[in-house]
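Counting from 1, position 59 in the sequence shown corresponds to residue 59 in UniProt numbering; the numbering is continuous, with no gaps.
We treat Cβ as the ideally placed atom computed from N, Cα and C, and that holds for glycine.
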Amino acid sequence: MVSIFAPQFYTKIGACRHGEKCSRKHTRPSHSHTIILTNLYRPQDLGNQLDEAKKKDQEFENFYKDIFVESSLIGQVEDLVVCENENDHLNGNVYVKFAKEEDALRARDNFSSRWYNGRPVYCELSPVSHFKDAICRQHETKSCERGGMCNFMHSKAVPRDLQRQLILSQRKFRS
Numbered sequence: 001m002v003s004i005f006a007p008q009f010y011t012k013i014g015a016c017r018h019g020e021k022c023s024r025k026h027t028r029p030s031h032s033h034t035i036i037l038t039n040l041y042r043p044q045d046l047g048n049q050l051d052e053a054k055k056k057d058q059e060f061e062n063f064y065k066d067i068f069v070e071s072s073l074i075g076q077v078e079d080l081v082v083c084e085n086e087n088d089h090l091n092g093n094v095y096v097k098f099a100k101e102e103d104a105l106r107a108r109d110n111f112s113s114r115w116y117n118g119r120p121v122y123c124e125l126s127p128v129s130h131f132k133d134a135i136c137r138q139h140e141t142k143s144c145e146r147g148g149m150c151n152f153m154h155s156k157a158v159p160r161d162l163q164r165q166l167i168l169s170q171r172k173f174r175s
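In structure tokens, the structure reads:
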């Protein structure tokens, strides 16, 4: 049962905690609607004060806008998830789901040759097709007992106004 479960889990989450050392075969997809930008989001350590928390929120919103806009220039973005887990295989991962597979392929090729915030971007197609299955429901209700080491995605919250604004601007751009 474990040998069946592990690849299914990789397919659901798109990352494995064992990385390249894993004994299971994790087949990377040759086509997908979703890309993963591995460990791309790295918030700066700005301290713990309230004023610094506002700066962190603004930094994240700027990051989210950057990725959404750059992705939507390639194709229609259906969803974008930024992981805030603390474990190495999920920390800072960004998942972008496109309406069309060919847009995800173009995005992978485009982003793989770029740099962001002084670091190379590592992008590949992801097997994740339904974020609902990959996101930790307990994290959404602030009740995850595994904390930042959970193996399900801890999706960083995005202000609804920002999401709405980006989706509306994407619709305008595409029409």
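Residue i, DSSP secondary structure in three states
i	result
I67	helix
residue 176	The chain is shown only over 1 to 175; residue 176 falls outside these bounds and no answer can be derived.
D161	helix
I13	helix
R108	helix
residue 186	Past the boundaries of the shown model lies residue 186; the chain is included only from 1 to 175, so the question cannot be answered.
R171	helix
S30	coil
Rounded distance between the beta-carbons of residue j and residue i, thought under 8 Å
i	j	result
H31	F98	H31 to F98, Cβ: 12 Å. No contact.
M153	I135	5 Å
Bridge-paired residues (DSSP) for residue i
i	result
I135	M153
F98	V77
C83	S155
Buried versus exposed call for residue i [16 or more other C-beta atoms within 10 Å across all chains shown]
i	result
N117	exposed
H139	buried
G75	buried
F173	exposed
is_contact[residue i, chain B] using C-beta, thresh 9 Å
i	result
R119	Note that chain B does not occur in the displayed structure, where there is just one protein chain.
Taking one C-beta from the segment 55–62 and one from the segment 116–130 each time, how about it: are there three or more such pairs within less than 8 Å?
Using a C-beta cut-off of 8 Å, the segment 55–62 makes no contact with the segment 116–130, since fewer than three inter-stretch Cβ pairs fall below that distance.
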